[in-house]
Amino acid sequence: MDFMYYCTRFMTGIRRSVARGLLLCAAGWFTACAPAKTVRVEDVRVTPVTSADIQKAVRDSGAKVVLVNVWATWCEPCRQEFPGLVSVAHKYQGQGLKVLLVSADLQADLPAVKKFLAERGVEFPAYLKAEKDQEFIDGMGKSRAGAIPSSAPAESRERETGQWEGALPATFLYDGTGKLRDFWEGETAFSVFEQRVVKILGEPIKTTGGTP
Numbered sequence: 011m012d013f014m015y016y017c018t019r020f021m022t023g024i025r026r027s028v029a030r031g032l033l034l035c036a037a038g039w040f041t042a043c044a045p046a047k048t049v050r051v052e053d054v055r056v057t058p059v060t061s062a063d064i065q066k067a068v069r070d071s072g073a074k075v076v077l078v079n080v081w082a083t084w085c086e087p088c089r090q091e092f093p094g095l096v097s098v099a100h101k102y103q104g105q106g107l108k109v110l111l112v113s114a115d116l117q118a119d120l121p122a123v124k125k126f127l128a129e130r131g132v133e134f135p136a137y138l139k140a141e142k143d144q145e146f147i148d149g150m151g152k153s154r155a156g157a158i159p160s161s162a163p164a165e166s167r168e169r170e171t172g173q174w175e176g177a178l179p180a181t182f183l184y185d186g187t188g189k190l191r192d193f194w195e196g197e198t199a200f201s202v203f204e205q206r207v208v209k210i211l212g213e214p215i216k217t218t219g220g221t222p
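Under our numbering, think of the first position of the sequence shown as 11, with each following residue one higher.
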């Protein structure tokens, strides 16, 4: 599977206008529209990871909710949703949310990845995919079976019985037990990130039943 192909495929179905963005800010979405924190490039931490490393980080997080977002600097929908994603990370990190940002860029593009993260105010640890595309896709997609809710976007519901196919951006939401609770592909607004995170944050953590 080719990340660029799937990212381009999603771009064709996404339309955002400047006017709509201004209306959202005026309507009170100041959190998503707020300026990014000032972060120096040299302070940005990016660790190479495999899908197994990410799954372990989810299980060992100690958080109530873990949001894993796979993105790339060349993916326009990823770039568009990033401010809202980072805003959610900052707003709810004190309430039990942990966000793992995994770049699908090449190792050679690490300087560009760090620059992008610094410009968007990402001061928490981030990650860089360090295995072949298909291996990473398969590793991240294994836990999808039976975890796609009826409220998920149409593109996710269409493949309920399958796995993640590699489209970017891709977002995985896990609860405190490490169980995958939600998954979707494509650009997402701040309000949607917030709604889905808050829903799981508000639920009691079940210590029995359910495996990652």
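Heads up, the beta-carbon is just placed ideally off N, CA and C, and yes, glycines get one too. This one's a predicted model, so the numbers in the text were calculated from it and none came from an experiment.
Item checked: Arg-206 to Arg-50 span [Cα, whole Å] -> As a working note, residue 206 is residue 196 in the sequence shown. As a working note, residue 50 is residue 40 in the sequence shown. Distance between the alpha carbons of Arg-206 and Arg-50: 31 Å.
Check: Sorted by chain position, which residues of the same chain lie with C-beta nearer than 6 Å to Phe-40's C-beta, five sequence neighbours on each side aside?
Finding: Locating residue 40 in the sequence shown gives position 30, where the first residue counts as 1. Because Phe-40 sits at a pLDDT of 42, beneath the cut-off of 50, its placement in the model cannot be relied upon, and the following sentence gives the value as read from the coordinates. No residues qualify anywhere along the chain.
Notebook entry, point to check: Is there contact between the segment 136 to 152 and the segment 95 to 114, where contact requires at least three CB pairs shorter than 8 Å?
Noted result: Verdict: yes, contact present.
Checklist line | alpha helix (DSSP H) runs wholly inside the segment 107 to 131, at least 4 long, in chain order | finding: Taken in chain order, the complete alpha helix (DSSP H) segments of 4 or more residues contained in the segment 107 to 131 are 120 to 129.
Next item on the list: Please say whether Ile-64 and Val-78 have beta carbons closer to each other than 8 Å?
Entry: For the purposes of this step, residue 78 is identified with residue 68 of the sequence shown, where counting begins at 1. For the purposes of this step, residue 64 is identified with residue 54 of the sequence shown, where counting begins at 1. In this structure, Ile-64 lies closer than 8 Å to Val-78 by Cβ.
Checklist line | Thr-48 burial status per 10 Å Cβ neighbour count (16 or more: buried) | finding: Counting from one through the sequence shown, the residue named residue 48 turns up at place 38. Counting other Cβ atoms within 10 Å of its Cβ, Thr-48 stays below 16 and is therefore classed as exposed.
Notebook entry, point to check: Taking the alpha carbon of Asp-53 as the point to measure from, which residue in Gly-131, Trp-81 and Pro-87 has its own alpha carbon closest?
Noted result: Numbered from 1 along the sequence shown, position 43 holds the residue referred to as residue 53. Nearest to Asp-53 by C-alpha distance, out of Gly-131, Trp-81 and Pro-87, is Gly-131.
Note to self: Quick check on the burial criterion: 16 or more other C-beta atoms within 10 angstroms. Buried or exposed for Arg-55?
What the structure shows: Numbered from 1 along the sequence shown, position 45 holds the residue referred to as residue 55. Under this definition Arg-55 is an exposed residue.
Next item on the list: Using alpha carbons as the reference points, say which of Thr-83, Gln-144 and Leu-178 lies closest to Ala-118.
Entry: Residue numbering aside, residue 118 sits at position 108 when the sequence shown is read from its first letter. For the residues Thr-83, Gln-144 and Leu-178, the minimum Cα distance to Ala-118 belongs to Thr-83.
Next item on the list: Measure how close the beta-carbons of Pro-179 and Val-80 come, nearest whole angstrom, since I'm counting them as under 8 Å.
Entry: As a working note, residue 179 is residue 169 in the sequence shown. As a working note, residue 80 is residue 70 in the sequence shown. With 8 Å as the limit, Pro-179 and Val-80 qualify as a contact, their Cβ atoms being about 6 Å apart.
Notebook entry, point to check: Expressed to the nearest angstrom, what Euclidean distance is found between the alpha-carbon atoms of Glu-197 and Leu-190?
Noted result: Here the question's residue 197 lines up with position 187 in the sequence shown. Here the question's residue 190 lines up with position 180 in the sequence shown. Rounded to whole angstroms, Glu-197 to Leu-190 spans 19 Å at the Cα level.
Next item on the list: Would you list, in sequence order, the uninterrupted alpha helix (DSSP H) runs of no fewer than 4 residues that lie entirely inside the segment 73 to 104?
Entry: Counting whole runs of 4 or more residues, the segment 73 to 104 contains the alpha helix (DSSP H) stretches 86 to 102.
Next item on the list: Can you give me the Cβ contacts of Phe-92 inside the same chain, cut-off strictly under 6 Å, excluding the 5 residues immediately before and after it?
Entry: Taking the first residue of the sequence shown as position 1, residue 92 is located at position 82. Close CB contacts of Phe-92 within its chain, under the 6 Å cut and outside five residues either way in sequence, are with Arg-130 (chain order).
Checklist line | Boundaries (first-last residue) of the alpha helix (DSSP H) holding Val-202 | finding: Taking the sequence shown and counting its residues from 1, one reaches residue 202 at position 192. For Val-202, the uninterrupted alpha helix (DSSP H) run begins and ends at 200 to 211, by DSSP.
Item checked: Which residues DSSP lists as bridging Trp-194, in chain order -> Taking the sequence shown and counting its residues from 1, the one referred to as residue 194 is at position 184. Checking the DSSP bridge columns, you'll see Trp-194 partnered with Thr-181.
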